Amino acid sequence: MSDMDAPRPAGAPAPWGTAPPDVDLGRVWTGVAAQVWRRRPGPLERAAGRLLRSPGLARALVATPSLLLAWIIATVVVLFAGAAATLATGTPYVALLAPAVAGTGIAYAYGPGIDPAWELSQSMAVSGRMVLLARALAVFALNAALGLAASALSGAAAALTFGWLIPMTAVCALALAVATVTRSAAVGVAAGMAGWVITVLSSAAASGDLTTAVTDPALILPYLAFAACCGAVVLYATRIPRGTS
Amino acid sequence: MNVDITDLTRRFRRTQAVAGVSLQAGPGVFGLLGPNGAGKTSLLRMMATVLPPTSGRLRLLGRDPGSYGPRREIRRRLGYLPQNLGYYPGFTVAEFVEYFALLKDMPPGQVPRAVAAAIEHVGLGDQARAKLRTLSGGMLRRAGIAQAIVNEPELLLLDEPTAGLDPEQRVAFRALLRGFGERATVIVSTHLVEDVGAACTEVSLMDTGKIVFHGTPDELTARGEGTGAAGDAPLERGYSAVLAAARSTTAAA
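The listed protein sequences correspond, in order, to chains B and V.
Each step along the first sequence adds one to the number in numbering that gives the first Met the number 0, with nothing skipped, and position 79 is 78.
Each step along the second sequence adds one to the number in numbering that gives the first Met the number 0, with nothing skipped, and position 61 is 60.
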């Protein structure tokens, strides 16, 4: 009889390689593995989770687009390079160009050909359009924060911020709505770009000034109304029809 | 009944992918067999609430997926493995499974243990911290199965789950299916007849969007006896005989 098989006095610790009969080793190992493999959310994800009241949505916001860093860098570069060019030349390049760039980004943020796990995401309790909404809000919130920070430093930046953000909202909403309805990011991008180019050129033709589309405060309300209509289209296009039961 | 379908259809422009399917399924492992293009994947996608039906009645876990609240509740209790599993190559196996556990609205406190249990279930414990881009096709499939079972679903939908698995993994996977089938409804879409014979308690055979046979694997086997239908195994001969009979009926009509 080996040491392992020998009867053990009551209360004596179990030798290596055995476990007390009331211990489920599988459960113990799962508990250990859970601690070892556990991922600690970063501060940004924790803050988003509190704000959105959904850890799943926060994780989707922070993790899914591995483009997050690239997006922030692109925003900062567009803002500061554009602001420098604007101040040097007097033409609001950021306001004229950024809406088309942002519209492209938004159109490519969602869809079967873009998100590799799109099919799987569609069967999740945290719906795809909530993820989309959170991402779009994050884009505008960050850009608004950067714009307002720039406005505090320069009066010219305030006009730039409003001229930039509000048309950008409208162009992004158009790109997103078309991408959602056609299920094609490329078509969404084309629609956003085309819409913005037509707006700029028609404003230029009417006033003789290329920058009217982003400097005329009278256009702010129509832009916002147009964005709201496009938002309604997205909500309608991503619903699941009732009456299947 | 966890799945209650009546006269369900799905049309893609001129193509009728699912043509009036009726199906009821309670706990157990349910096989969905059929040739390529039979409509299995479209039917499974409708059950996964990914694809809305064109017409018909669909109730899952006693709820109507056409309304937001019930659909969300269904999705919390659903596990789904699509035919083409998309994944984020930069995620580790544990991150991938955790991501979908959170999107399934699992309580955050339960997630780490559930993730570990699911990964251990599919035998990927030693790869838990490996990036998905470094895994083989079979391992990726197992990671997909892990995300499907992480929430201990009451309705588990698996589309071609054994594609890419080696024979040893397939045997282990069938045991996993049988375990889940004791407490949940498991629907497995496959064209591998041997998976159905080994793991399923019920089987439906689809062709051109319709269910042409429903019964037990033994009943399907019996349909092939004495018919001279093609196939290396009795169940395959039953499959071939039922398909041939369905097609000759369609041709005669």
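Note that CB positions come from ideal geometry on N, CA and C, so glycine has one too.
Here the structure is a predicted model, which is why all the values come from computation and not from measurement.
(request) Output the distance between the C-alpha atoms of Pro52 of chain V and Thr8 of chain V, rounded to the nearest integer angstrom. (result) Position 53 of the second sequence holds residue 52 of chain V. Position 9 of the second sequence holds residue 8 of chain V. The alpha-carbon atoms of Pro52 of chain V and Thr8 of chain V are separated by roughly 6 Å.
(request) Name, please, each residue of chain V whose Cβ falls closer than 8 Å to the Cβ of Arg38 of chain B. (result) Residue numbering aside, residue 38 of chain B sits at position 39 when the first sequence is read from its first letter. Ordered by position in chain V, the residues that pass the 8 Å Cβ test against Arg38 of chain B are Ala93, Glu94, Glu97.
(message) Output needed in chain order: residues of the region 119-153 of chain B with a Cβ under 9 Å from some Cβ in chain V.
(response) Leu119, Ser120, Gln121, Ser122, Met123, Ala124, Val125, Ser126, Val130
(message) By the DSSP assignment, the alpha helix (DSSP H) with Ser256 of chain V in it spans what residues?
(response) Residue 256 of chain V is absent from the model: chain V starts at 0 and stops at 252.
(request) Could you pull out every residue in the same chain whose Cβ sits closer than 8 Å to the Cβ of Met229 of chain B, ignoring the five residues on either side in sequence? (result) For the purposes of this step, residue 229 of chain B is taken as residue 230 along the first sequence, with counting starting at 1. In the sequence under discussion, the amino acid at residue 229 of chain B is Cys, which differs from the Met named in the question. Hits under 8 Å: Ala169, Ala172, Leu173, Leu175, Ala176.
(request) Evaluate contact between the region 76-91 of chain V and the region 127-138 of chain V, counting only Cβ atoms and requiring at least three cross-stretch pairs below 8 Å. (result) yes
(request) Kindly say whether Gly230 of chain V, judged by its beta-carbon, lies nearer than 8 Å to any beta-carbon of chain B. (result) To locate residue 230 of chain V, count along the second sequence from 1; it is residue 231. Answer no: the Cβ-Cβ gap between Gly230 of chain V and chain B never drops below 8 Å.
(request) Hey, could you find the ends of the alpha helix (DSSP H) Leu204 of chain V is sitting in? (result) Against the second sequence, residue 204 of chain V aligns to sequence position 205. Here Leu204 of chain V belongs to no alpha helix (DSSP H); instead the beta strand (DSSP E) covers 201-206.
(message) Val195 of chain V and Pro216 of chain V - do their beta-carbons sit closer together than 8 Å?
(response) Stepping through the second sequence from its first residue, residue 216 of chain V is reached at position 217. Stepping through the second sequence from its first residue, residue 195 of chain V is reached at position 196. A contact, by the Cβ cut-off of 8 Å.
(message) Buried or exposed, going by whether 16 or more other CB atoms sit within 10 Å of the CB of Val76 of chain B?
(response) As a position in the first sequence, residue 76 of chain B is number 77, starting the count at 1. Val76 of chain B should be labelled exposed.
(request) Please classify Val17 of chain V: is it buried, with 16 or more other beta-carbons within 10 angstroms of its beta-carbon, or exposed? (result) In the second sequence, the residue the question calls residue 17 of chain V occupies position 18. Looking at its Cβ environment, which holds 16 or more other Cβ atoms inside 10 Å, Val17 of chain V is buried.
(request) Return yes when the Cβ of Glu72 of chain V is within less than 8 Å of the Cβ of Arg58 of chain V, no when it is not. (result) Looking up residue 58 of chain V in the second sequence gives position 59. Looking up residue 72 of chain V in the second sequence gives position 73. For Arg58 of chain V and Glu72 of chain V, no; Cβs fall outside 8 Å.
(request) Taking C-beta pairs closer than 9 Å, name the residues in chain V that Arg58 of chain B reaches, listed in chain order. (result) The count along the first sequence starts at 1 and reaches residue 58 of chain B at position 59. Within chain V, the residues near Arg58 of chain B are Glu97, Tyr98, Leu101, Leu102.
(request) Say whether the region 108-122 of chain V touches the region 166-183 of chain V, bearing in mind that this needs 3 or more beta-carbon pairs closer than 8 Å, one atom from each stretch. (result) yes
(request) Please decide whether Tyr87 of chain V counts as near chain B, where near means a Cβ-Cβ distance under 8 Å. (result) For this step, residue 87 of chain V is matched to residue 88 along the second sequence. With 8 Å as the cut-off, Tyr87 of chain V counts as an interface residue toward chain B.
(request) List the endpoints of the continuous alpha helix (DSSP H) containing Tyr79 of chain V. (result) Numbered from 1 along the second sequence, position 80 holds the residue referred to as residue 79 of chain V. Run containing Tyr79 of chain V: none in the alpha helix (DSSP H); it sits in the beta strand (DSSP E), 77-80.
(request) Check each residue of the region 30-52 of chain V: if its Cβ is closer than 7 Å to any Cβ of chain B, include it; give the result in chain order. (result) Ala47, Thr48, Val49, Pro51, Pro52
(request) Give me the Cα-Cα distance between Pro285 of chain V and Val180 of chain B, rounded to the nearest whole angstrom. (result) Here chain V covers residues 0 to 252 and nothing more, so residue 285 of chain V does not appear.
(request) Take Pro12 of chain B and list the residues in its own chain whose beta-carbon comes closer than 7 Å to its own, dropping the five residues that flank it on each side. (result) Start at 1 with the first residue of the first sequence, and residue 12 of chain B comes out as number 13. Any reading at Pro12 of chain B must be qualified, since the residue scores a pLDDT of 48, below 50, and its modelled position is unreliable; the value itself is stated next. Excluding residues within five positions, none has a Cβ falling inside 7 Å.
(message) Assuming Phe95 of chain V is part of the alpha helix (DSSP H), what are its boundary residues?
(response) Mapped onto the second sequence, residue 95 of chain V falls at position 96. Where Phe95 of chain V is concerned, the enclosing alpha helix (DSSP H) stretches over 92-102.
(request) Name, please, each residue of chain V whose Cβ falls closer than 8 Å to the Cβ of Thr29 of chain B. (result) Position 30 of the first sequence holds residue 29 of chain B. At a beta-carbon threshold of 8 Å, the residues of chain V lying near Thr29 of chain B are Arg112, Ala115, Ala116, Glu119, ordered along the chain.
(request) Output, in chain order, the set of chain B residues within a Cβ distance shorter than 8 Å of Ala129 of chain V. (result) By 1-based counting over the second sequence, the position of residue 129 of chain V is 130. Simply none; closest approach about 11 Å.
(message) Under 8 Å, Cβ to Cβ, is there at least one residue of chain B near Met0 of chain V?
(response) Along the second sequence, one-based indexing puts residue 0 of chain V at 1. Not closer than 8 Å to any Cβ of chain B, the Cβ of Met0 of chain V fails to qualify, so no.
(message) Using only the alpha-carbon positions, how far apart do Val199 of chain B and Leu141 of chain B sit?
(response) For this step, residue 199 of chain B is matched to residue 200 along the first sequence. For this step, residue 141 of chain B is matched to residue 142 along the first sequence. Whole-angstrom Cα-Cα distance: 25 Å.
(request) Note down, one range per segment and in chain order, each beta strand (DSSP E) of at least 3 residues found wholly within the region 16-49 of chain V. (result) 27-32
(request) Find out if the Cβ-Cβ distance for the pair Glu74 of chain V, Ala124 of chain B is shorter than 8 Å. (result) Translated into positions along the second sequence, residue 74 of chain V becomes position 75. Translated into positions along the first sequence, residue 124 of chain B becomes position 125. It is Arg, not Glu, that sits at residue 74 of chain V in the sequence shown. Yes, these two residues count as a Cβ contact at 8 Å.
(request) Using a Cβ cut-off of 8 Å (strictly closer), state whether Gly122 of chain V contacts chain B. (result) Here residue 122 of chain V corresponds to residue number 123 of the second sequence, with the count starting at 1. No, Gly122 of chain V lies away from the interface with chain B (no Cβ there is under 8 Å from its Cβ).
(message) Less than 8 Å between the C-beta atoms of His190 of chain V and Leu32 of chain V, yes or no?
(response) Within the second sequence, the letter at position 191 stands for residue 190 of chain V. Within the second sequence, the letter at position 33 stands for residue 32 of chain V. It is a contact, given that the beta carbons lie within the stated cut-off.
(message) Buried or exposed, going by whether 16 or more other CB atoms sit within 10 Å of the CB of Arg52 of chain B?
(response) For the purposes of this step, residue 52 of chain B is taken as the residue at position 53 of the first sequence. It is exposed - the Cβ of Arg52 of chain B has fewer than 16 other Cβ atoms within 10 Å.
(request) Please confirm if Arg71 of chain V has its CB atom under 8 Å from at least one CB of chain B. (result) The residue you call residue 71 of chain V lines up with position 72 of the second sequence. For Arg71 of chain V, a Cβ of chain B is located within less than 8 Å of the residue's own Cβ.
(message) Quick check on DSSP: helix, strand or coil for Ser188 of chain V?
(response) To locate residue 188 of chain V, count along the second sequence from 1; it is residue 189. The answer is strand: DSSP assigns Ser188 of chain V an E or B state.
(request) Could you tell me whether the region 32-42 of chain V touches the region 86-101 of chain B, using the rule of 3 or more Cβ pairs below 8 Å? (result) No contact exists between the region 32-42 of chain V and the region 86-101 of chain B.
(request) Can you tell me which of the three DSSP states Gly25 of chain B falls into? (result) Taking the first residue of the first sequence as 1, we reach residue 25 of chain B at position 26. Looking at Gly25 of chain B - three-state DSSP - the assignment turns out to be helix.
(request) Compare the beta carbon distance of Leu22 of chain V and Ile210 of chain V with 8 Å and say whether it is the shorter of the two. (result) Translated into positions along the second sequence, residue 22 of chain V becomes position 23. Translated into positions along the second sequence, residue 210 of chain V becomes position 211. Closer than 8 Å, so yes.
(request) Just confirm the distance between the C-beta atoms of Thr184 of chain V and Glu153 of chain V, as a whole number of angstroms; I'd bet it's less than 8 Å. (result) Counting from 1 along the second sequence, the entry for residue 184 of chain V is found at position 185. Counting from 1 along the second sequence, the entry for residue 153 of chain V is found at position 154. Their Cβ separation, rounded to whole angstroms, is 7 Å, which keeps Thr184 of chain V and Glu153 of chain V in contact under 8 Å.
(request) Keeping to the same chain, check which residues put their C-beta closer than 7 Å to that of Gly230 of chain V; ignore five residues upstream and five downstream. (result) Start at 1 with the first residue of the second sequence, and residue 230 of chain V comes out as number 231. These residues qualify, in order along the chain: Gly223, Arg236, Tyr238, Ser239.
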